[in-house]
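Novice: Numbering follows the UniProt record's numbering, in which position 77 of the sequence shown is assigned residue number 77; successive positions increment by one, without gaps. Got a structure here, written out as structure tokens. Questions coming.
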Amino acid sequence: MDATMGSIAPTGLKGKLAALEDFISMQNEELAAQRQEIESLRGDKAGIEEHYQGQLQELKKTMVGDVQRLQEQKMLAGLGSLLTTSLGGSLIVEMMARSLQQQILGLQRRIQEIEEQAQPFPRRVACRRAGESRFQLEGSSSRPAMDATMGSIAPTGLKGKLAALEDFISMQNEELAAQRQEIESLRGDKAGIEEHYQGQLQELKKTMVGDVQRLQDEVKRHFAQQKAENARLQQQITTLKGEKTSLQQQILGLQRRIQEIEEQAAQECTTLWTLCEMVGLMVGTSFASNDAWNGVPWRAVSGAWLLSSANASRADSKTSMSDDDLVQVGKALSSLKDNERFHGVLQQPSVSKAVRHWAGIERLSPEECEDWQSDGQIMFVLAELRRLEHCCRKAGMKDRPSAASDNPGDKVEDPPSKRQRTEEGAATRAPDCKSIDPATRTWQHDEPAPAKLAGEDWEEHRSKVGLQLMGEMPSANASLNYFLKDESRRSFAAHLANPFGQQFCASWFAKVRVGTKWLQPNSWWGPMPRKTAWMVAKGHTCTYEYGGMEVQPIEYPVWMVELMQSVMPHCGLTEIKDMPNSCNLNLYEDGKQMVGWHADDEELFQGKSKDCRIISLSLGASRQFELELNWPGPDESIGVVQTLSDGDICTMEGMTQKHFMHRVPEEETPVGPRINLTWRWIAKPRDSSKKQEEKVPLHTVLACEDELPLPDGRRLRGGKLENAAVQSTLEDLPDLPPVDPGAWRRTLVWQLVTMVLAAVLARVGVWYQEDEFAKLAMNATSGVGSQGFGGFPECAAIISRSTTQSSDKTSSSHPGGECKSGLGPLQGLGHVTCQRVWKCAAAWRRN
Ligand SMILES: O=C(O)CCC(=O)C(=O)O
Ligand SMILES: [Fe+2]
Numbered sequence: 001m002d003a004t005m006g007s008i009a010p011t012g013l014k015g016k017l018a019a020l021e022d023f024i025s026m027q028n029e030e031l032a033a034q035r036q037e038i039e040s041l042r043g044d045k046a047g048i049e050e051h052y053q054g055q056l057q058e059l060k061k062t063m064v065g066d067v068q069r070l071q072e073q074k075m076l077a078g079l080g081s082l083l084t085t086s087l088g089g090s091l092i093v094e095m096m097a098r099s100l101q102q103q104i105l106g107l108q109r110r111i112q113e114i115e116e117q118a119q120p121f122p123r124r125v126a127c128r129r130a131g132e133s134r135f136q137l138e139g140s141s142s143r144p145a146m147d148a149t150m151g152s153i154a155p156t157g158l159k160g161k162l163a164a165l166e167d168f169i170s171m172q173n174e175e176l177a178a179q180r181q182e183i184e185s186l187r188g189d190k191a192g193i194e195e196h197y198q199g200q201l202q203e204l205k206k207t208m209v210g211d212v213q214r215l216q217d218e219v220k221r222h223f224a225q226q227k228a229e230n231a232r233l234q235q236q237i238t239t240l241k242g243e244k245t246s247l248q249q250q251i252l253g254l255q256r257r258i259q260e261i262e263e264q265a266a267q268e269c270t271t272l273w274t275l276c277e278m279v280g281l282m283v284g285t286s287f288a289s290n291d292a293w294n295g296v297p298w299r300a301v302s303g304a305w306l307l308s309s310a311n312a313s314r315a316d317s318k319t320s321m322s323d324d325d326l327v328q329v330g331k332a333l334s335s336l337k338d339n340e341r342f343h344g345v346l347q348q349p350s351v352s353k354a355v356r357h358w359a360g361i362e363r364l365s366p367e368e369c370e371d372w373q374s375d376g377q378i379m380f381v382l383a384e385l386r387r388l389e390h391c392c393r394k395a396g397m398k399d400r401p402s403a404a405s406d407n408p409g410d411k412v413e414d415p416p417s418k419r420q421r422t423e424e425g426a427a428t429r430a431p432d433c434k435s436i437d438p439a440t441r442t443w444q445h446d447e448p449a450p451a452k453l454a455g456e457d458w459e460e461h462r463s464k465v466g467l468q469l470m471g472e473m474p475s476a477n478a479s480l481n482y483f484l485k486d487e488s489r490r491s492f493a494a495h496l497a498n499p500f501g502q503q504f505c506a507s508w509f510a511k512v513r514v515g516t517k518w519l520q521p522n523s524w525w526g527p528m529p530r531k532t533a534w535m536v537a538k539g540h541t542c543t544y545e546y547g548g549m550e551v552q553p554i555e556y557p558v559w560m561v562e563l564m565q566s567v568m569p570h571c572g573l574t575e576i577k578d579m580p581n582s583c584n585l586n587l588y589e590d591g592k593q594m595v596g597w598h599a600d601d602e603e604l605f606q607g608k609s610k611d612c613r614i615i616s617l618s619l620g621a622s623r624q625f626e627l628e629l630n631w632p633g634p635d636e637s638i639g640v641v642q643t644l645s646d647g648d649i650c651t652m653e654g655m656t657q658k659h660f661m662h663r664v665p666e667e668e669t670p671v672g673p674r675i676n677l678t679w680r681w682i683a684k685p686r687d688s689s690k691k692q693e694e695k696v697p698l699h700t701v702l703a704c705e706d707e708l709p710l711p712d713g714r715r716l717r718g719g720k721l722e723n724a725a726v727q728s729t730l731e732d733l734p735d736l737p738p739v740d741p742g743a744w745r746r747t748l749v750w751q752l753v754t755m756v757l758a759a760v761l762a763r764v765g766v767w768y769q770e771d772e773f774a775k776l777a778m779n780a781t782s783g784v785g786s787q788g789f790g791g792f793p794e795c796a797a798i799i800s801r802s803t804t805q806s807s808d809k810t811s812s813s814h815p816g817g818e819c820k821s822g823l824g825p826l827q828g829l830g831h832v833t834c835q836r837v838w839k840c841a842a843a844w845r846r847n
């Protein structure tokens, strides 16, 4: 400053002052310029910082994007690895994915570091804020500020003023120097920041490029590996596909083979089954019509049947004469089994149809039945079956279940086996073994003709036995006309044309039709071709049986007694106590409905051994009533026909039921409905205590949908075999009394029991290994003795073979877990339960 001042000094004090002032003002200007530069430098610095921060931000964004992309690639790689691992079990892809994951983690860390490092450049000049300047040089108005400062140092004279100015200048100089220093420092800062950020950016870019490059390389390598792996897997898939195709072809082949075998087996089974069914029918057991038997392994069961039959016949060769008949049955069965022609012919649909009809399984039209007469194949098969039937009959097997009771005659109706031609069975039964012999004109009967008396007469004369015909009774209607009067056979039938008038008959037709609970039971031969009801006088309880079915009696309704009081006096019966105590009612809805050839010869009425009265009233449409001789003599006419019209009374008296059959045949032309009431006298009431022991057919055990009443009054759930019910019933069953091995071992009924047991077990899903089953059978039949039951192990073997073949070979108790019954798998229940099942089945053999 001194130098500057020296150059402007010599012009006196005033001049000096003026010079100083100029100088100060110059310096002020310089100071202002410097401040401006400082401002601008500060702005530059902020700009630079902002610029680099922006760049860093951008870089970070790019890096995040890159990482994300890599992550996606890694995810894909993860998927690929999953696929690869699951397909080929390769771990390479997974390892690569893991390394990528680590790299990404590293990159993320790196970004964090960079973020931390990328804090704004430290402001080393931050302490030098504008406010700390010794001079308040706000804005551009430096002059007034200086003036003010100068003013404060002014009033001490010119010298003082000079000295003050000098001071001021020297302060200004200091200030300038300080500002210059700041400018210097700011310039340095600016360069430093730029350099700092540049360096950082450079480094960051370098790291990033390296990292990304490395990752990309790795991803590339990974994909290449993946590609190779895929190719390998593709190869494997192609191989597998080829193998699969070949296996599929093999399976198809096997399936075809199975089908062939099954078809073959089904054919065998059909034949065997027909035999079983037939023999079953003979011993009073029918399986065919029962849905409950669906799902039973018939092949096994029928196989078991034949095996045990064969076994029985083998065993029988050593036994006593009394078993001969059974041996014959076994032999007949075996011979049928080996009869090639029989089996061949049986395959024919028409033949099997005929057999099914013959066995009563399926109903066919009379026209179809007639065609069979001329069909050699059908006749051949039926003849073979008849031979078997003959053996069975001889061995004491009966036609149907009730025939096995002690009272075989206690039936109102027999199966239509006794008569042929247009009998009831014509619609339901094949032209069977019963036919009229054209040479002798005699019916071929189950029974031979009874012996005649010493002369030509068949029966004692009525005068001798004291038979009074109803028409001869004093009060009887004189118009009662005997259209059949066979004194030799003591057989009579009378007719009385409507004595009541049309009005009476119409009103009674309606009353009886509405007042009766009509039934149409199914017999062995199909549904009965008419409706029926069975009524008895108060105090009588006899049931009425139709082909295997029992009908409970209805007590005479009031109208019945009233009607009898109108009808009976025409037959000479005026007292209630003398009137019939039972009545069979028939409703023929139309001309197609009928009653086949039969005799009312049930034991209940004793019609075969004693004189027997039957009185009938017809209401409604007229129908033909035919009577024919059982054993007509050479010159005798076979029978008589009587039309029965509305209101007509008809009687049968004496021994008519023994020597004649009667029927009401189908009408050719349409006719209206007809009711017939047939009154009879119950001569020998059935012993009701016998009812307890009545036969329950074996199949009923399984067939019944609901509860099955046990002989002792308890009930068993059959068809559904419900767990708890079966369990508790079986638990309560008493132990079996010891059985006589000779009697039971070889009877066909017993063998049927084993079949049923096998079927029961099969049905509830229990399958045993041969030895297990045999042991079980032995235990259960310990009462039978050391021989045991011959057929059983075979039976078990067949069952176990036929079942283990199809499913689980190792399971001894429950293949496939497919159990259709409500009992569930018996696996957990074990032998005890099975023994009970056995006991249960065995208990039925007594029935
Ligand atoms: O309907 C008829 O006339 C005969 C009925 C018959 O024979 C019977 O019910 O036993
Ligand atoms: Fe009859």
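All C-beta atoms in this analysis are idealised placements derived from N, C-alpha and C, irrespective of residue type, glycine included.
I want to check one thing, is the minimum distance from the CB of H659 to the heavy atoms of ligand 1 below 8 Å?
Specialist: No.
Novice: How about E459 and G654: are their beta carbons less than 9 Å apart?
Specialist: Yes, these two residues count as a Cβ contact at 9 Å.
Novice: May I ask you to list the residues that DSSP assigns as paired with residue 860?
Specialist: Residue 860 lies beyond the range of the chain shown here (1 to 847); nothing can be said about it.
Novice: Is there at least one non-hydrogen atom of ligand 1 closer than 8 Å to the beta-carbon of V595?
Specialist: Yes, ligand 1 has a heavy atom inside 8 Å of this Cβ.
Novice: Buried or exposed: which applies to A494, given that a residue is buried once 16 or more other Cβ atoms fall within 10 Å of its Cβ?
Specialist: Buried: at least 16 other Cβ atoms inside 10 Å.
Novice: Are there three or more Cβ pairs, one per stretch, closer than 8 Å when the region 613–626 is compared with the region 647–666?
Specialist: A contact exists between the region 613–626 and the region 647–666.
Novice: Could you give the DSSP three-state label for W211: helix, strand or coil?
Specialist: The residue you asked about is not Trp; residue 211 is Asp in the sequence shown. It is helical.
Novice: Tell me, please, whether the region 601–612 touches the region 497–512 by the rule of three or more beta-carbon pairs shorter than 8 Å.
Specialist: Judged by Cβ distances under 8 Å, the region 601–612 makes no contact with the region 497–512, as fewer than three pairs qualify.
Novice: Run through the DSSP bridge pairs and tell me what residue 857 is partnered with.
Specialist: As displayed, the chain neither begins before 1 nor continues past 847, which places residue 857 out of reach and without an answer.
Novice: Could you check what DSSP says for K161 in three-state terms: helix, strand or coil?
Specialist: K161 falls in the helix class under three-state DSSP.
Novice: Name the one or two DSSP bridge partners that Q642 has.
Specialist: Looking at the DSSP assignment, Q642 forms a beta bridge with F625.
Novice: Could you round the C-beta distance between S491 and F660 to whole angstroms and report it? I think they count as a contact, below 8 Å.
Specialist: The Cβ separation is near 6 Å, so the contact holds.
Novice: Ignore the nearest five residues each way along the sequence and tell me which others in L176's own chain have a CB closer than 8 Å to its CB.
Specialist: Counting only Cβ-Cβ distances below 8 Å, and skipping sequence neighbours, we find Q27, E30, L31, Q34.
Novice: Return the bridge partner residues of H659 from the DSSP annotation.
Specialist: Answer by DSSP bridge pairing: none, since H659 is not bridged.
Novice: Just tell me which of N481, S185, G12, S582 has its CA closest to the CA of V561.
Specialist: Selected option, being the one with the closest Cα: S582.
Novice: Are there any heavy atoms of ligand 1 lying less than 8 Å away from the beta-carbon of T678, as far as the coordinates show?
Specialist: Result yes, Cβ under 8 Å from ligand 1.
Novice: What is the residue span of the beta strand (DSSP E) that M594 lies within?
Specialist: It is not in any beta strand (DSSP E) - M594 carries neither H nor E in the DSSP assignment.
Novice: Check each candidate in L629, K190, G639, Q624 and name the one with the smallest Cα separation from V671.
Specialist: Measuring from the Cα of V671, the nearest candidate turns out to be Q624.
Novice: What residue from D578, E668, N630, F342 has the CA that sits closest to residue 858's CA?
Specialist: For the chain, the structure presents residues 1 to 847; residue 858 sits outside this window and is missing.
Novice: Quick check: does the Cβ of A493 come within less than 8 Å of any heavy atom belonging to ligand 2?
Specialist: No, since every heavy atom of ligand 2 falls outside the 8 Å radius drawn around the Cβ of A493.
Novice: Are H570 and L496 close, meaning C-beta to C-beta below 9 Å?
Specialist: It is a contact, given that the beta carbons lie within the stated cut-off.
Novice: Whose C-alpha, out of I169, R530, G647, W372, is nearest the C-alpha of S25?
Specialist: S25 has its Cα closest to that of I169, out of I169, R530, G647, W372.
Novice: Which residue wins for smallest C-alpha separation from E628, given the options M379, G47, L484, L233?
Specialist: Checked all of M379, G47, L484, L233; the closest Cα to E628 is L484.
Novice: At which residues does the alpha helix (DSSP H) containing W559 begin and terminate?
Specialist: It spans 558–567 - the alpha helix (DSSP H) in which W559 sits, taken as one unbroken run.
Novice: Which stretch, first to last residue, makes up the beta strand (DSSP E) that contains S491?
Specialist: Start and end: 491–496.
Novice: In the structure shown, what three-state DSSP assignment does C369 receive?
Specialist: In the structure shown, C369 sits in a helix (DSSP, three-state: H, G or I).
Novice: Is DSSP giving C650 helix, strand or coil here?
Specialist: Strand at C650.
Novice: Here's a check: name, in chain order, each residue in its chain whose Cβ is nearer than 7 Å to the Cβ of T516, leaving out the five neighbours to either side.
Specialist: Cβ neighbours of T516 beyond the five flanking positions: A533, L585.
Novice: Identify the continuous beta strand (DSSP E) that holds A533 and give its terminal residues.
Specialist: Start and end: 531–536.
Novice: Give the DSSP-derived three-state secondary structure of N477 in the structure shown.
Specialist: Coil.
Novice: Nearest to V512 by alpha carbon, out of N498, T541, S479, Y556?
Specialist: Residue Y556 is the option with its Cα nearest to V512.
Novice: Quick check: what's the CA-CA separation for K538 versus V558?
Specialist: Going from the Cα of K538 to the Cα of V558 covers about 11 Å.
Novice: Considering only C-alpha positions, which residue in the set L158, V64, I183, A191 is nearest to I48?
Specialist: For I48, the nearest C-alpha among the options comes from A191.
Novice: Check for me: the alpha helix (DSSP H) holding F504 runs from which residue to which?
Specialist: Start and end: 502–515.
Novice: Quick one: grab the DSSP three-state call for K190.
Specialist: If DSSP states are grouped into helix, strand and coil, K190 belongs with the helices.
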